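First the structure, in the form of structure tokens, and then the observations on it.
Numbering (mature numbering (1 follows the signal peptide of the UniProt record, and there is no 0)), first residue to last: -24 to -1, 1 to 986.
Structure representation (structure tokens):
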């Protein structure tokens, strides 16, 4: 375990000791991943004489300062030695060679990479016995192409104002932007939903101690783990090696704390009081002046030896209490969200010998949050009697076990097994009452007691095993080959149903829709939507990889990697509709020492990254999903009670013009009534007809070219150009119109009676012709068969997303007095496909969003994408005022998000049935991102750390204070992009602010360690 006493990093003497002993250690360093695994790091050292000539045959001993184990090595002809799969931490190094004085020094090894050091040997006579210290000089990394951050969490907390969550760490990295707030789970699940390198928020992978904790249902974030459980967090934003996959955004790799040979105990407290928080301005959605938010937690942690040098423990318990209150004008409700469930985790480390390491980690993130709603008049009158409640269930237990064996200097091996369970459920207290919305005024407002549209039970389980090996050999240079194989078996139980059986939305008929509904303009109608989805599905992902880090010469390193992913997914009845194999992804790169002095590195990389299909693709395989329209007789806006008039069917309206067909069993109207927009009829479609026959997995290609230059021991500059281009995309598409066109061209009558618009959804690669099996037999036939649909019949564009960025970075290493780091990124994210989720409407159905459901939904969709930010400035650092007082700052400036105008499609009836979901407003085209923009967002956070003089045997006490958004700025960061209402009338709130940046807040806390 990292010493809890490092919380007193405010001590200049301590900081300088670390800097001198471990080569300018700073709380955040450039990612140094180079053929290392998820939980360990390594070292490559070079021993030279005073003239720079290699010293071969030197004996090297590495000893862990924390856990006492040792590793014996020797230098080769080039004077180098390597050690891999070492737990991160500080190591004592001793080197002896004939004719040279013995050397002793300390080095630091970080997770995910090879730390590079040079040791200078001093000649001595045979009669002299001296030990030379301080000869280790940390070098620039020439065995990696990965970009991102590597953060020591204890140092981060000690020196900077950051949120105590994984997303705050991710957003420190260049090219990372905060994603749409609609992707946050109200109950706290889905931690880390940031957008990396132009990707959507649902394209990242999250690991802790080698265990994949990514939410494979939606791919939005990972399990929420307390900040104090982490030892380091590594953010890989690009250029990552073949070992890492299943992500087209970034990889977040965390390692927890471990026990050491010293018994240690810590108490940490955090309090964010509402009294010290400002209020955001009101919006048309929320009365933010009435909002309240307060959280507090108390963390107890302990660690130490069970058997000295051999067996260690670390444990953490977090008591937490959070409460937030919000006043919704649209819903007419005042909501109180509360949670107080604890977290606990434990880590055991054992060394059978110095060369054989066993570790086991267990943690439980399960928590319940309770949302209680009261009536609210939209101004300041709040009811006293609850009118509804919702329970959010998030998290679950997880464990992982790993073995690492150092078989010889030339071969190491590791194996791991683990299980991760998670729950993301939203459960209404009254599932029999319907959710009702009144949008007759043009603004959608919830009425009645029900606060939950869907009763949603969601539980996932991932079981994995893997084996990896590292081989070192010399052949035309030095090679470090890492290879491995991994399998993860996935299971999802997801049951979702509309509360009350259907949700209801009342609106007013417009002049443009009176023919559609068979009622004069000004009449009132109400739409009822029935929805029942889900069951249990399973899947499996496996991968083989190999990566060679080849030192061709002392100035040129090549990275040669290859990864093969296999993705398989079952449907609700155990059939296999998706089986994507042979997903070969090259990972190639180079590093070149420009001047031969290890001071300037030119590097580049190419990588192809695949992402698996989310299991919710199969969860949606047997939907009963039907919308119907009725004349509205009356609606009580207090109770939500309503009286229905006649259904709008083929006898009294032109409802068929938007795709209405015969109602299936389970709809509100009788079976056969031609009044239903059927998006799913409740029957399981055959696996063979669910996908195109030549379906390919989603992937992205990345090209990087960069340069890094060390001005001196303190200052480093960098520049990096990035281009990411989307390749194949797998999305679900309604092929009904294309199939009907096929029938017409082949003289087959009656197809429109079966394929009415939303009957057959197929997972395919948009923009291409497909071979596909029909879901039902064609008219006059008795069995399904394969047909060919052309690009013209499908009428869909290719999914495109091009991301280009120029990144400039600098770092001034913390020297015990001050340190500073910053970045500027110019970027462009352009295309018609944001990614697996959709910020336009907050849709989290990864890979099955509405975007490609119908051709009309893609019209005018090309433009600057939701995660496009032309400019990003990030700057953070700390300054030691006195031995006991340290100040920190964190500044982020981001340019606006661009918006278009979304409305009802004027010509595509199927797209029009989705309401305001097309890039048209009042019938006029509006290209994505072409109409207006949000505000620039500037956030300045400041912190202070004071080391309280405690005297002997009383531990170390640090008092903390953090102020976020200290300037109290109020930038609008989320705007209403809908120019039409679902009824086609102008939306009075178009262009209005939906959310402002987080208001000024204060967090105070302490760290008391022994």
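Glycine included, each C-beta is placed from N, C-alpha and C at the ideal position.
Keep in mind it's a predicted model, so treat the numbers as computed, not measured.
| query | Under the three-state reduction of DSSP, which class applies to residue 592: helix, strand or coil? | reply | DSSP, read as helix, strand or coil, puts residue 592 in helix.
| message | On the criterion of 16 or more Cβ atoms from any shown chain inside 10 Å, does residue 328 qualify as buried, or is it exposed? | response | In this structure residue 328 is exposed. Its beta-carbon is surrounded by fewer than 16 other beta-carbon atoms within 10 angstroms.
| Spatially closest choice to residue 822 from 776, 958 and 707, by CA coordinates | 707
| task | Below 6 Å CB to CB, which residues in the same chain sit around residue 542 once its five sequence neighbours on both sides are set aside? | result | 518 and 557
| task | Taking all protein chains shown into account, decide if residue 972 is buried (16 or more other Cβ within 10 angstroms of its Cβ) or exposed. | result | buried
| field | Runs of beta strand (DSSP E) lying entirely within the stretch 620 to 706, each at least 3 residues, in chain order | value | Counting whole runs of 3 or more residues, the stretch 620 to 706 contains the beta strand (DSSP E) stretches 650 to 657, 674 to 686 and 691 to 702.
| query | How big is the Cα-Cα spacing for residue 7 and residue 211? | reply | Legend: pLDDT at residue 7 = 39, less than 50; position of this residue unreliable, no value from coordinates given.
| Going by Cα to Cα distance, which pick from 719, 933 and 835 is closest to residue 903? | 835
| request: Leaving aside the five residues before and after residue -3 along the sequence, list all residues of the same chain whose C-beta is less than 7 Å from its C-beta, in chain order. | output: Low confidence applies here, because residue -3 scores a pLDDT of 36, under 50, leaving its location unreliable; read the following figure in that light. Excluding residues within five positions, the ones whose Cβ falls inside 7 Å are 66, 82, 83 and 84.
| task | Report back the beta-carbon spacing between residue 466 and residue 514 to the nearest angstrom; my notes put them in contact at under 8 Å. | result | 6 Å
| task | Look at the alpha carbon of residue 29 and the alpha carbon of residue 94, and state the distance between them as a whole number of angstroms. | result | 12 Å
| If we ignore side chains and look at the alpha-carbon of each, how far apart do residue 981 and residue 145 end up? | 19 Å
| task | Taking 7 Å as the cut-off, decide whether the C-beta atoms of residue 769 and residue 747 are in contact. | result | Remark: C-beta atoms of residue 769 and residue 747 do not approach each other more closely than 7 Å.
| Mapping DSSP to helix, strand and coil, what is residue 834? | helix
| query | According to DSSP, is residue 486 helix, strand or coil? | reply | coil
| task | Starting from residue 763, follow its DSSP beta bridges and name the residues at the other end. | result | 748
| Could you give the distance in angstroms between the alpha-carbon of residue 597 and the alpha-carbon of residue 694? | 49 Å
| task | Mark residue 260 as exposed unless 16 or more other C-beta atoms lie within 10 angstroms of its C-beta, in which case mark it buried. | result | So residue 260 ends up on the exposed side.
| When you compare only the Cα positions, how much space is there between residue 567 and residue 265? | 54 Å
| message | Beta-carbon within less than 6 Å of residue 70's beta-carbon, same chain only, minus the 5 sequence neighbours each way: which residues are those? | response | 37 and 80
| task | Give me the Cα-Cα distance between residue 992 and residue 776, rounded to the nearest whole angstrom. | result | Any answer about residue 992 is impossible in this case: the structure gives the chain only from -24 up to 986.
| query | Given residue 412, which residues of its chain have a CB within under 6 Å of its CB, disregarding the five upstream and five downstream residues? | reply | Only 423, 424, 480 and 616 meet the Cβ criterion.
| message | Using only the alpha-carbon positions, how far apart do residue 879 and residue 952 sit? | response | 12 Å
| Proximity below 7 Å, CB of residue 475 to CB of residue 643 | no
| request: Within the stretch 369 to 455, note down every full alpha helix (DSSP H) run reaching 4 residues or more, in order along the chain. | output: none
| field | Residue environment, residue 688, which counts as buried when at least 16 other CB atoms sit within 10 Å | value | exposed
| task | Give every residue of the same chain whose Cβ lies closer than 6 Å to the Cβ of residue 868, excluding the five residues on either side of it in the sequence, and list them in chain order. | result | 850 and 915
| query | Does the beta-carbon distance from residue 372 to residue 399 come in below 7 Å? | reply | yes
| query | Just checking, does the stretch 589 to 607 make contact with the stretch 626 to 645 on the three C-beta pairs under 8 Å criterion? | reply | Because the criterion of three Cβ pairs below 8 Å is met, the stretch 589 to 607 and the stretch 626 to 645 touch.
| task | Look at the alpha carbon of residue 469 and the alpha carbon of residue 511, and state the distance between them as a whole number of angstroms. | result | 6 Å
| Whether residue 641 touches residue 830 by CB criterion (7 Å) | It is not a contact, given that the beta carbons lie outside the stated cut-off.
| query | Using a Cβ-Cβ cut-off of 8 Å (strictly less than) and excluding sequence neighbours within five positions of residue 912, which residues of its own chain qualify? | reply | 869, 870, 871, 872 and 947
| request: State buried or exposed for residue 757, treating a residue as buried only when at least 16 other CB atoms are found within 10 Å of its CB. | output: exposed
| field | Whole-number beta carbon distance between residue 838 and residue 805, since they are thought to touch under 8 Å | value | Actually they do not touch by this definition, with Cβ atoms about 12 Å apart.
| field | Candidates 158, 228 and 193, of which the one nearest residue 185 by Cα | value | 228
| Residue range of the unbroken alpha helix (DSSP H) whose run includes residue 304 | Taken as a continuous stretch (DSSP letters only), residue 304 belongs to no alpha helix (DSSP H), being part of the beta strand (DSSP E) at 287 to 304.
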